[in-house]
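Everything below concerns the one structure shown next.
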Amino acid sequence: MRRRRLLSSATALVVGCLSGCLSLSSGGSRASQTPEPLPTTGDGSLTDFDAGEPFERRRVGEAAAEMHHRAVVWNDDADRRSIRVRLRELESDETPLDLTPTFPAYGSLQIDVFRPADYVLDVSPPSESSRRLGIRRDFVDCNDSATHVAVRPDGSVRARVISTVRACEAASPTPEGDSTAATPAGTSASSTAQATDEPSE
Numbered sequence: 001m002r003r004r005r006l007l008s009s010a011t012a013l014v015v016g017c018l019s020g021c022l023s024l025s026s027g028g029s030r031a032s033q034t035p036e037p038l039p040t041t042g043d044g045s046l047t048d049f050d051a052g053e054p055f056e057r058r059r060v061g062e063a064a065a066e067m068h069h070r071a072v073v074w075n076d077d078a079d080r081r082s083i084r085v086r087l088r089e090l091e092s093d094e095t096p097l098d099l100t101p102t103f104p105a106y107g108s109l110q111i112d113v114f115r116p117a118d119y120v121l122d123v124s125p126p127s128e129s130s131r132r133l134g135i136r137r138d139f140v141d142c143n144d145s146a147t148h149v150a151v152r153p154d155g156s157v158r159a160r161v162i163s164t165v166r167a168c169e170a171a172s173p174t175p176e177g178d179s180t181a182a183t184p185a186g187t188s189a190s191s192t193a194q195a196t197d198e199p200s201e
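Position 167 (the sequence shown) corresponds to 167 in UniProt numbering; numbering is contiguous.
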């Protein structure tokens with residue numbers, strides 16, 4: 001009987017240890033999760049972009065003299081369309097902008113981003129396709145830069161980044177596969193992207 005009691009106690013100790021160890025292990029894995037990577041800013045081609053004057057403008061952060069990044073979403077279609085545009089800060093996960101305006105034919109929405117941060121820009125047309133783009137912190141610090149996004153008549157989304165890189169020497173790490181490159185001050189850099197359909201979150 002005594003031997004049985006000892007075996008029972010030993011079994012309880014082993015089970016308790018396993019339970020505690022597993023709990024510690026799972027807690028440790030949560031603490032060491034890999035940060036979300038910034039999506040690429042361009043991986044294809046956009047050569048035709050004629051957005052014209054925007055029908056609406058939005059601002060993120062406090063206005064500062066020439067220290068901002070423009071994101072322009074263009075409805076490249078003769079029909080009115082509702083297009084969801086969502087801007088999220090990567091590190092804080094805050095969403096300073098989330099709206100679904102009705103774009104007029106060939107109308108564009110301009111977002112002036114003054115607060116330096118790494119952002120994720122989601123553009124979701126009614127065709128159920130969506131495009132996720134990264135806006136790097138150094139784009140926001142740049143003297144003159146813009147993300148151009150065109151929603152084509154078939155619902156596909158294409159994008160590019162154009163920039164004069166005078167204020168962009170202190171860049172945040174470039175995501176692997178990102179084709180945007182810095183050029184000497186006063187010159188123009190352009191990276192282009194043709195979107196593949198990505199599910200919206």
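Each residue gets a CB set at the ideal place from its N, CA and C atoms; glycine is no exception.
Where residue i falls, given that 16 or more other Cβ within 10 Å makes a residue buried
i	result
A78	exposed
P37	exposed
A64	exposed
9 Å Cβ cutoff met for residue i and residue j
i	j	result
T41	R136	yes
Rounded separation between residue i and residue j - CA only
i	j	result
D48	S145	17 Å
D121	V85	Checking the sequence, you will find Leu at residue 121 rather than Asp. Rounded to the nearest angstrom, the two C-alpha atoms are 7 Å apart.
S129	G155	7 Å
L109	R152	15 Å
A117	H148	18 Å
T102	T95	20 Å
D76	R88	24 Å
E91	R70	20 Å
Neighbourhood of residue i by C-beta distance below 6 Å, restricted to the same chain and skipping five residues each side
i	result
A51	V72, W74, S108
Cutoff 7 Å; reference residue i; Cβ partners in own chain excluding five residues on either side
i	result
E62	F114
Three-state class that DSSP yields for residue i in the structure shown
i	result
R137	helix
A117	coil
E128	coil
T41	coil
Cβ shell of residue i (< 8 Å), same chain only, five flanking positions each side left out
i	result
A105	N75, D77, A78, D79, R80
L97	R58, V60, V85, R86, L87, I111
P126	R81, S82, I83, G155
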